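Encoded as structure tokens, the structure appears first; notes follow it.
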Amino acid sequence: MRVALFVTCLADAMFPDVGRATVTVLERLGVEVAFPPGQTCCGQMHVNTGYQRQALALVRNHVEAFEPFDHVVAPSGSCVGSVRHQHAMVARNAGDAALAERAQAVAAKTYELSEFLVDVLKREDVGAAYPHRVTYHPTCHSLRMLRVDDKPLRLLRQVRGLDLVELPDAEQCCGFGGTFAVKNADTSTAMLADKMRNVLSTRAEAVCAGDSSCLMHIGGGLSRLRTGVRPVHLAEILASDS
Amino acid sequence: MTQTFLGMPHAPAGVGHLHGDRPFPAAARDALADTQLRRNLGHATATIRAKRAAVVGELEDWEDLRRAGEALKAYTMANLDELLLQLETAVTARGGIVHWARDATEANQIVVDLVRATGTDEVVKVKSMATAEIGLNEALADAGIAAVETDLAELIVQLGHDLPSHILVPAIHRNRAEIREIFLREMPDADPSLTDEPRQLAMAARAHLRAKFLSAKVAISGANFGIAETGTITVVESEGNGRMCLTLPDTLITVMGIEKVVPTWTDLEVFLQLLPRSSTGERMNPYTSTWSGVTPGDGPQTFHLVLVDNGRTAVLADPAGRSALHCIRCSACLNVCPVYERAGGHAYGSVYPGPIGAVLTPQLTGAATSLPYASSLCGACFDACPVRIDIPSMLVHLRSTQPHPVIERASFGAVAWTMGSARRFRFGEQLLRLGRLIARRGRIRRLPPPLSAWTDARDLPAPPAQTFRDWWAAR
Ligand code: SF4
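Respectively, the protein sequence lines represent chains X and U. Using numbering that gives the first Met the number 0, read the first sequence as starting at 0 and increasing by one per residue. Using numbering that gives the first Met the number 0, read the second sequence as starting at 0 and increasing by one per residue.
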């Protein structure tokens with residue numbers, strides 16, 4: 000099975016470990032991973048900040064990069080959400096019906112990592128071991144745009160040595176929200192404070208999520224307060240085997 | 000809004016409570032610093048959320064009901080012109096008098112004239128969003144007419160010389176101790192030994208209001224639903240104070256937004272299941288009042304229905320935004336919104352706060368505002384909305400219609416250009432690596448504005464020595 004990795008611009012530039020971990024998990028399960036070099040960014044930040052027209056070039060670039068593949072996998076609920084729910088709309092609103100159709104086709108074969116592992120590969124035990132106390136934060140877009148439901152938790156429950164503790168008020172947003180974190184920094188920080196309070200209450204060593212962006216936010220707060228709790232991406236736990 | 004429909008009038012500035020005077024981020028900053036407010040709101044919204052979740056969870060057909068509500072509303076908006084005329088005909092045939100108001104100013108004038116004609120200088124009011132939206136109480140006061148709010152929470156807001164901060168629970172930002180203080184200060188007939196026990200507070204309000212109900216000649220209400228088929232107006236409430244207003248005075252004036260029309264009597268079946276479960280977390284609300292025109296010898300003998308546009312037709316004209324008119328004002332979206340829960344209702348500067356306010360307010364006013372950005376797009380509002388209004392998508396749509404700051408626009412243009420090709424993107428990544436120079440122990444702790452808004456409260460990791468793309472190429 001030939002699968003294209005959509006690493007996402009954020010993981011590419013800032014969190015390459017998340018991309019490497021995704022490759023490790025997929026290859027361990029016998030998947031042949033390709034990295035289409037033409038890929039850049041899904042354009043979600045532009046669309047969500049009100050720059051839909053500027054996002055059009057990014058949508059086109061994305062469609063061209065991933066069109067040739069049977070499956071596309073990304074370690075991000077948010078970016079997959081954008082591909083699925085925004086790309087065709089951006090093309091349509093710009094009057095490019097042909098691109099909208101192609102974007103729809105790419106969206107139909109694009110999966111967030113936990114979806115791909117559980118729904119396509121039908122695997123919950125991916126052979127991982129991670130002997131740590133971890134709590135899991137379901138990111139808003141994976142939860143409410145993609146409806147990944149408990150797939151990440153099912154994967155985590157099969158990880159050897161993992162002590163999974165439930166996060167109170169888990170489904171509340173961490174306050175990231177893309178440019179929201181800057182445009183409404185005070186409200187965003189108030190939301191982050193409550194998320195951190197809940198994370199700390201679990202006495203976990205690490206907080207896990209399926210989106211590097213939300214982890215950058217939660218982790219940024221945890222680091223500023225010197226809490227000693229680290230952010231870890233779902234892919235990184237699933238790739239770990241010691 | 001959509002440029003083609005510039006001809007549609009919006010809600011005028013300078014009248015009513017839609018045009019806030021401060022941007023959301025600044026207003027929210029003050030609210031966030033109010034520890035009492037944070038506690039009151041956090042407690043109240045968590046309680047209502049849990050109640051709602053419990054009663055929604057017991058209905059197996061909840062998702063079907065939501066879809067039915069959505070479909071009924073979509074049908075209504077597509078046929079609004081005919082349904083409104085049908086409503087007018089039905090109300091008139093049953094002895095009511097229908098008035099049409101283009102905007103808040105016209106609506107207020109109509110109501111003031113109607114009250115003046117009765118010769119009274121005091122009216123009792125049923126809790127109503129439409130009259131709050133158009134600023135009716137202020138217009139009545141200017142005409143020398145006192146409007147007495149009879150909903151307990153509205154009364155607290157009115158006596159506290161305050162503004163409502165929630166659609167359903169206007170005084171959600173107040174706690175018991177604060178309410179006791181307001182009552183003692185503002186109610187001449189309050190017993191000085193009043194405690195902050197809820198029952199005592201309710202009894203004090205009850206005694207205060209009873210006298211008003213018995214003496215009032217005119218009542219003013221809003222409407223939850225106006226049934227086109229039969230001309231029946233419906234008000235849904237919890238306390239029974241609305242029922243008093245709707246039955247005791249001689250004259251009843253109902254102010255209704257034109258989007259509140261429903262086609263037939265049987266459609267109520269859907270909405271009367273959706274509304275109470277979503278708003279108060281009850282299976283059924285305690286009081287549902289319905290009346291059709293005038294019934295001789297029973298209840299008000301004069302009934303006026305004032306139908307208000309105030310920007311609604313402009314909203315209807317925008318295909319991407321019009322479903323904001325489907326709102327049945329249950330306030331479920333407020334209660335689940337993490338932004339509302341922390342910033343509170345006043346920060347929105349409109350009678351419609353929370354997620355629905357962030358989309359409806361700018362659409363009604365047509366004015367540039369920071370409200371569409373007052374959301375992290377977490378999507379909780381859509382899941383809670385009983386009529387499935389896709390508020391997150393609408394927020395994204397509205398953001399693309401707002402004017403953007405010049406520097407921001409230039410930056411986003413530059414980033415889009417860079418990201419438009421992998422070659423340029425890779426070059427951008429190399430530039431980003433310069434960030435390693437300002438990192439200390441792998442962390443960036445301070446950045447210049449506007450990115451300081453991030454680093455004020457959060458660290459950033461240093462960019463990695465090697466990007467994923469470069470690692471892959473060298474693999
Ligand atoms: S938008 Fe939906 S959830 Fe919010 S108040 Fe209106 S009907 Fe209720």
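Beta carbons are placed, not taken as given, at the ideal position from N, Cα and C, and that holds for glycine. Given the structure is predicted, the values throughout are model-derived calculations rather than measurements.
task = Pull up the distance between the alpha-carbon of H18 of chain U and that of L162 of chain U, whole angstroms please.
result = 13 Å
ask   = Can you tell me whether DSSP reads S399 of chain U as helix, strand or coil?
value = coil
inquiry  = I believe V125 of chain U touches V234 of chain U by the beta-carbon criterion, under 8 Å. Please report the beta-carbon distance rounded to the nearest angstrom.
reply    = 6 Å
query = Counting Cβ pairs, one atom from each stretch, are 3 or more of them under 8 Å apart for the segment 364-378 of chain U and the segment 328-340 of chain U?
reply = yes
message = Measuring alpha carbon to alpha carbon, tell me which residue in U:R457, U:T119, U:M128 and U:S127 is nearest A140 of chain U.
response = U:T119
message = Just to make sure I have the definition right: I need the residues of chain X whose C-beta is within less than 7 Å of the C-beta of P352 of chain U. Which are they?
response = None at all; the shortest Cβ gap to chain X is about 13 Å.
query = Which runs of the beta strand (DSSP E), 3 residues or longer, sit entirely within the segment 100-161 of chain X?
reply = 109-111 and 132-135
query = Would you say A49 of chain U faces chain X, with C-beta separation under 8 Å as the test?
reply = no
request  = May I ask you to check if the CB of P354 of chain U is nearer than 7 Å to at least one heavy atom of the ligand FMN?
outcome  = Absent from the structure shown: the ligand FMN. Ligands present: the ligand SF4.
message = Could you check whether V79 of chain X and A33 of chain X sit closer than 8 Å to each other, using their CB atoms as the reference points?
response = no
query = Is S374 of chain U near the ligand SF4, in the sense that its beta carbon is under 7 Å from a heavy atom of that ligand?
reply = no
L233 of chain X vs C213 of chain X beta-carbon contact at 8 Å = no
message = Going by DSSP, what residue range makes up the alpha helix (DSSP H) through K211 of chain U?
response = P197 to S214
ask   = Any heavy atom of the ligand SF4 within a distance shorter than 7 Å of the CB on P163 of chain U?
value = no
ask   = Does any residue of chain X bring its CB to less than 8 Å from the CB of V372 of chain U?
value = In the sequence as presented, Val is not what sits at residue 372 of chain U; that position holds Tyr. At least one chain X Cβ lies under 8 Å of Y372 of chain U.
message = Can you check whether the C-beta of M190 of chain X is within less than 8 Å of a C-beta belonging to chain U?
response = yes
query = CB A145 of chain U to CB P169 of chain U, shorter than 8 Å?
reply = no
request  = Using a cut-off of 7 Å between C-beta atoms, extract the partners of A421 of chain U located in chain X.
outcome  = P36, G37, Q38 and T39
task = For the alpha helix (DSSP H) containing K182 of chain X, list its first residue and its last residue.
result = F179 to K182
inquiry  = Between V164 of chain X and T201 of chain X, how many whole angstroms is the CB-CB distance? I'm expecting something under 8 Å.
reply    = 4 Å
ask   = Which same chain residues, not among the five before or five after G15 of chain U, have their C-beta less than 7 Å away from its C-beta?
value = A103, E132, I133 and G134
message = Closer than 9 Å between beta carbons: that is the criterion. Which residues of the segment 375-387 of chain U meet it against chain X?
response = S375, L376, C377, G378, A379, F381 and D382
key: 8 Å Cβ cutoff met for V269 of chain U and G68 of chain U   = yes
key: As assigned by DSSP and simplified to three states, the class of M0 of chain U   = Residue confidence for M0 of chain U is low, a pLDDT of 41 falling below 50, so the modelled location carries little weight and cannot support an answer.
query = Considering only C-alpha positions, which residue in the set U:G434, U:S330, U:A366 and U:R440 is nearest to F381 of chain U?
reply = U:S330
request  = Step through the CB atoms of chain U and report whether any lies within less than 8 Å of the CB of R19 of chain X.
outcome  = yes
request  = Taking all protein chains shown into account, decide if A201 of chain U is buried (16 or more other Cβ within 10 angstroms of its Cβ) or exposed.
outcome  = exposed
inquiry  = Given the structure, does A205 of chain X come close to the ligand SF4, in the sense that its CB is under 7 Å from one of the ligand's heavy atoms?
reply    = no
request  = Apply the 10 Å Cβ neighbour rule to F14 of chain X and answer buried if 16 or more other Cβ atoms are within range, or exposed otherwise.
outcome  = buried
S322 of chain U beta carbon near the ligand SF4 (any heavy atom closer than 7 Å) = no
Option in X:C139, X:F115 and X:A64 with minimal Cα separation from V24 of chain X = X:F115
request  = From the DSSP output, in three-state form, read off C207 of chain X for me.
outcome  = strand
inquiry  = Would you say the beta carbon of I252 of chain U is closer than 7 Å to some non-hydrogen atom of the ligand SF4?
reply    = no
ask   = Measuring from the CB of P385 of chain U, is there a heavy atom of the ligand SF4 at a distance below 7 Å?
value = yes
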